[in-house]
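Undergrad: Protein chains in written order, with this note's numbering: chain A, 53 to 316; chain B, 32 to 400.
Glycine included, C-beta positions come from ideal geometry on N, C-alpha and C.
Owing to the predicted nature of the structure, the values given are computational and were not obtained by experimental measurement.
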Amino acid sequence: MALLFLLLLLFLLMALVGGERGVNSFVVLIANGVLCVLSVLLLSLGIQPILILIVSSVLFVVFALPFQNGLNQKTLASLLAVLLLMIPVSLAVGFVCAHAHIAGLDEIQMYQIDNSYLSSGVRLNLTAVMLVSLVWGQLGAVIDTSITVASALNEVLLTHPELSGKPLVHEGLQIGKSIIGTTINTLAFIAFGETILLCLLYVSDGYSLLLLLNSKSFFQQFGGILFSCESCLLVIPLTVVLFSKLTSSRRVTDFFASRAGKSS
Amino acid sequence: MLIPLLKKNIPLLLAALLLLTLCLILVNDDGLYHQPILQITSVTDVPLGKQTGDNGVAEKQYRQEITGILRNGENRGTKVTAENQYSESQVNSTRYRAGDKVFVRLAQGSKTATLLSAKRDVWLLSALALFTCTLCLFYRGRGCLILFSLLLNITLLYLTLRICEADDFSRLGAFFSGQWPFLILLFCVITLLFVGGFRRQTFGAILSTLVTTFLVFLLYQLTLSHSAAIPYDMMSETFAALPVEDLFRFSVLAGSLGAVMDVAVAIHVSVEALAGAETKPDFRSLLKSLREIGADIMGTMINVLFFSYISASLPLEILKIRSGYTLTSILRYDLVFDFARFLLGAIGIVLAIPVSGGIALLLCRKERG
Numbered sequence: 053m054a055l056l057f058l059l060l061l062l063f064l065l066m067a068l069v070g071g072e073r074g075v076n077s078f079v080v081l082i083a084n085g086v087l088c089v090l091s092v093l094l095l096s097l098g099i100q101p102i103l104i105l106i107v108s109s110v111l112f113v114v115f116a117l118p119f120q121n122g123l124n125q126k127t128l129a130s131l132l133a134v135l136l137l138m139i140p141v142s143l144a145v146g147f148v149c150a151h152a153h154i155a156g157l158d159e160i161q162m163y164q165i166d167n168s169y170l171s172s173g174v175r176l177n178l179t180a181v182m183l184v185s186l187v188w189g190q191l192g193a194v195i196d197t198s199i200t201v202a203s204a205l206n207e208v209l210l211t212h213p214e215l216s217g218k219p220l221v222h223e224g225l226q227i228g229k230s231i232i233g234t235t236i237n238t239l240a241f242i243a244f245g246e247t248i249l250l251c252l253l254y255v256s257d258g259y260s261l262l263l264l265l266n267s268k269s270f271f272q273q274f275g276g277i278l279f280s281c282e283s284c285l286l287v288i289p290l291t292v293v294l295f296s297k298l299t300s301s302r303r304v305t306d307f308f309a310s311r312a313g314k315s316s
Numbered sequence: 032m033l034i035p036l037l038k039k040n041i042p043l044l045l046a047a048l049l050l051l052t053l054c055l056i057l058v059n060d061d062g063l064y065h066q067p068i069l070q071i072t073s074v075t076d077v078p079l080g081k082q083t084g085d086n087g088v089a090e091k092q093y094r095q096e097i098t099g100i101l102r103n104g105e106n107r108g109t110k111v112t113a114e115n116q117y118s119e120s121q122v123n124s125t126r127y128r129a130g131d132k133v134f135v136r137l138a139q140g141s142k143t144a145t146l147l148s149a150k151r152d153v154w155l156l157s158a159l160a161l162f163t164c165t166l167c168l169f170y171r172g173r174g175c176l177i178l179f180s181l182l183l184n185i186t187l188l189y190l191t192l193r194i195c196e197a198d199d200f201s202r203l204g205a206f207f208s209g210q211w212p213f214l215i216l217l218f219c220v221i222t223l224l225f226v227g228g229f230r231r232q233t234f235g236a237i238l239s240t241l242v243t244t245f246l247v248f249l250l251y252q253l254t255l256s257h258s259a260a261i262p263y264d265m266m267s268e269t270f271a272a273l274p275v276e277d278l279f280r281f282s283v284l285a286g287s288l289g290a291v292m293d294v295a296v297a298i299h300v301s302v303e304a305l306a307g308a309e310t311k312p313d314f315r316s317l318l319k320s321l322r323e324i325g326a327d328i329m330g331t332m333i334n335v336l337f338f339s340y341i342s343a344s345l346p347l348e349i350l351k352i353r354s355g356y357t358l359t360s361i362l363r364y365d366l367v368f369d370f371a372r373f374l375l376g377a378i379g380i381v382l383a384i385p386v387s388g389g390i391a392l393l394l395c396r397k398e399r400g
């Protein structure tokens, strides 16, 4: 009940503060939620997690970028940047997942009474499920960073249309520098909030630093945040470069100019 | 083009080199541990047949015959054999491969060993080194400041937990029921000063963040405090004797703090830029731009919270559904914590927009007299 009230309150506030675009964002949020539940159900049926990861990630990105912010040069640049970045990042994270043995129950979950009711027969590829969880965890932050940089760069281009190539890239990297601090802190505080109980457990159980660095639970929680931060750092230059390439390409600018002409 | 670029970056390259060397040392850090570490050289899997779980799903079981070489201690370099069992999905077992390093307990005579757990520090520390490297190389001085503020915040959190815990949880109760706002205040001031620098807009952002966090706190007290919606007893099962309700409230507020600061900084910077423009905008057009900026930030910031909170518990939820738990029970007893954190965080983000806008406008007005 209380949660439903909060959800309603969130909707009202978003509509009040953001107007039509706020409502739009709320619809995207609900769509993301539905997609999440659907993916979880499909994953628990034992359908290939990698396939679900690819389909759901592309859908999430499409919901968040062209749908929420309209199709234009800046959303196209971030869409491409996010998708292009997530491919090598997923491969790297998957590699680490498999080699650091971080899938399955961690050393704390293993001894929780609640989890002793879990069935011993699951027949799932838990390493791949872990990869889905880690990549999903990154998506929101990476999309946010990328679209923020692209939007700001678009504003710069509007006031200084003569900028292109290297100066534009330089300008974009400056914008990236000014936003990266708060993004990393957002992720860090989410981690603080999520893991305060776990941290308390580490302190009261007297985990040594070396024990902590090898613990599965620590890796699952903080490794994920570390990967997200790293991806945010990498998506900025990629977005900037793609944006400058897209805006200097005659075909792309003509395409969007003709679209804008048609709609107005 | 490459050589002048390299010349310009010599100190940074040196730093990167240093970090890489550090990484290399870490890969060979086995001597630091007292516990024996086994590096697996060969593995043979022997099928053991199938075992059926409570939900009727059968899973293949395997035994692994493992040979490896000890990496540390007085028996360093000796060959040791070990046995390991794992099931297909590795829910609470691990399938080891050749090349893995594992902590072991040696049997008498040091010829055989029992495997305890995988050694993961190399992966975690390499990821950390990569992050620090990228931050310092691409973002220079600002990157270092961010890193420093993170370290400071982590130390602050650690010290708080350390001091609280020392007194057998009684101080912990006192802290999380009444003294926690000081920690939030410190987090906020440290982070924003490091990220924003000593400027008027930084102080505006601090003020806005605190006001917004206070509003979220009020909302929490009104809706979720002592509410039956949050199954606190599910938490106390693992963390008996802890003030779980107060801890959860702290986790909600701390979790949203970063996002609220992000929004506050963005709004303060834009209002400052708008008000400082050559053509001074009137109040109405300023409000309109503010609304546009707010809508820009809101959607994607809320998505950040959504994905970060929802994804973390995903593997356990899937295991539970697979074991026959219903979706409603998972929603009610597992996901509810993340969902509550997410909702209050998202509301915090949206509230931060008018709050920061208002405070920023007031500050600009005052300046102009």
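(1) With the cut-off set at 8 Å, would you say Gly-189(A) and Ser-339(B) are in Cβ contact?
(2) What is the DSSP secondary structure of Ala-152(A), reduced to helix, strand or coil?
(3) Which of the three DSSP states is assigned to Pro-212(B) in this structure?
(4) Do Ile-248(A) and Phe-206(B) have their C-beta atoms closer together than 8 Å?
(5) Do the stretch 209-229 of chain B and the stretch 181-193 of chain B touch if we need at least three Cβ pairs shorter than 8 Å?
(6) So for Thr-112(B), helix, strand or coil by DSSP?
(7) Would the beta-carbon of Tyr-93(B) fall within 8 Å of that of Val-77(B)?
(8) Using beta-carbon positions only, say whether Leu-238(B) and Leu-382(B) come within less than 8 Å of one another.
(9) Can you find a CB in chain B that lies within less than 8 Å of the CB of Glu-207(A)?
(10) Who are Gly-80(B)'s beta bridge partners in DSSP?
(11) Between which two residues does the alpha helix (DSSP H) carrying Lys-132(B) extend?
(12) Output the distance between the C-alpha atoms of Asn-206(A) and Leu-225(A), rounded to the nearest integer angstrom.
(13) I'd like to know if the stretch 133-149 of chain A and the stretch 273-293 of chain A are in contact, where contact means that at least 3 CB-CB pairs between them fall below 8 Å.
(14) Tell me the DSSP secondary structure of Ala-391(B) in three-state form.
(15) Taking 8 Å as the CB-CB cut-off, is Ser-387(B) touching chain A?
(16) Scan the stretch 336-360 of chain B and note each continuous beta strand (DSSP E) run of 3 residues or more that stays entirely inside, going in chain order.
(17) Can you tell me the Cα-Cα spacing of Gly-228(A) and Asp-365(B), whole angstroms?
(18) Pair every Cβ in the stretch 110-126 of chain A with every Cβ in the stretch 93-102 of chain B, then say whether three or more of these pairs are closer than 8 Å.
(19) Is Ser-141(B) near the ligand PLP - that is, is its Cβ less than 7 Å away from at least one heavy atom of it?
(20) For Asn-115(B), count the other beta carbons within 10 Å of its own beta carbon; 16 or more makes it buried, fewer makes it exposed. Which is it?
(21) By how many angstroms is the C-alpha of Tyr-163(A) removed from the C-alpha of Leu-178(A)?
(22) Comparing alpha-carbon positions, which option in Gly-330(B), Ile-380(B) and Ala-391(B) lies nearest Leu-75(A)?
(23) Could you pull the DSSP bridge partners for Val-74(B) from this structure?
(24) With C-beta atoms as the reference, is Gln-272(A) less than 8 Å away from Ile-160(A)?
(25) Give the DSSP bridge partners of Ile-68(B), in chain order.
(26) Applying the criterion that 16 or more other CB atoms from any shown protein chain within 10 Å of the CB defines a buried residue, is Gln-232(B) buried or exposed?
(27) Thinking C-beta only, is Leu-137(A) closer than 8 Å to Ser-283(A)?
(28) What are the residues of the stretch 119-148 of chain A that lie near chain B, defined by any Cβ-Cβ distance shorter than 7 Å?
(29) Rounded to whole angstroms, what is the Cα-Cα separation between Ile-328(B) and Lys-132(B)?
(30) Taking 8 Å as the threshold (C-beta atoms), are Ile-261(B) and Phe-279(B) in contact?
(31) Among Ile-199(A), Gly-233(A) and Asn-266(A), whose alpha-carbon lies nearest the alpha-carbon of Leu-176(B)?
(32) Are any of the Cβ atoms in chain B nearer than 8 Å to that of Glu-282(A)?
(33) Taking its Cβ as the centre, do 16 or more other Cβ atoms sit within 10 Å of Gly-217(A), making it buried, or is it exposed?
(34) Under a CB-based cut-off of 8 Å, is Ser-316(A) close to chain B?
(35) Can you tell which of Arg-396(B), Ala-377(B), Asp-61(B) and Leu-394(B) has its C-alpha closest to the C-alpha of Val-69(A)?
(36) What did DSSP end up calling Ala-297(B) once you bin it into helix, strand or coil?
TA: On the basis of the data shown:
(1) yes
(2) DSSP places Ala-152(A) in coil when its eight states are reduced to three.
(3) Here Pro-212(B) carries a helix assignment [DSSP, helix/strand/coil].
(4) no
(5) yes
(6) strand
(7) If you check the CB distance, Tyr-93(B) and Val-77(B) come in under 8 Å.
(8) no
(9) no
(10) Gln-92(B)
(11) No alpha helix (DSSP H) holds Lys-132(B); the beta strand (DSSP E) holding it covers 132-137.
(12) 13 Å
(13) yes
(14) helix
(15) Closer than 8 Å: no.
(16) The qualifying runs do not exist here; there are none.
(17) 37 Å
(18) no
(19) The ligand content of the structure shown is nil, which means the ligand PLP is not present either.
(20) buried
(21) 19 Å
(22) The question names Leu, yet the displayed sequence has Val at residue 75(A). Residue Gly-330(B) is the option with its Cα nearest to Val-75(A).
(23) Ile-97(B)
(24) no
(25) For Ile-68(B), which the question treats as bridged, DSSP gives the partners Phe-134(B).
(26) buried
(27) yes
(28) Gln-120 and Val-148
(29) 45 Å
(30) yes
(31) Gly-233(A)
(32) Chain B, which has a Cβ nearer than 8 Å to the Cβ of Glu-282(A), makes this yes.
(33) Using a 10 angstroms sphere on the CB of Gly-217(A), the tally of other CB atoms stays under 16, which defines it as exposed.
(34) In this predicted model, Ser-316(A) has a pLDDT of only 46, less than 50, meaning its place in the structure is not dependable enough to derive any value.
(35) Ala-377(B)
(36) helix
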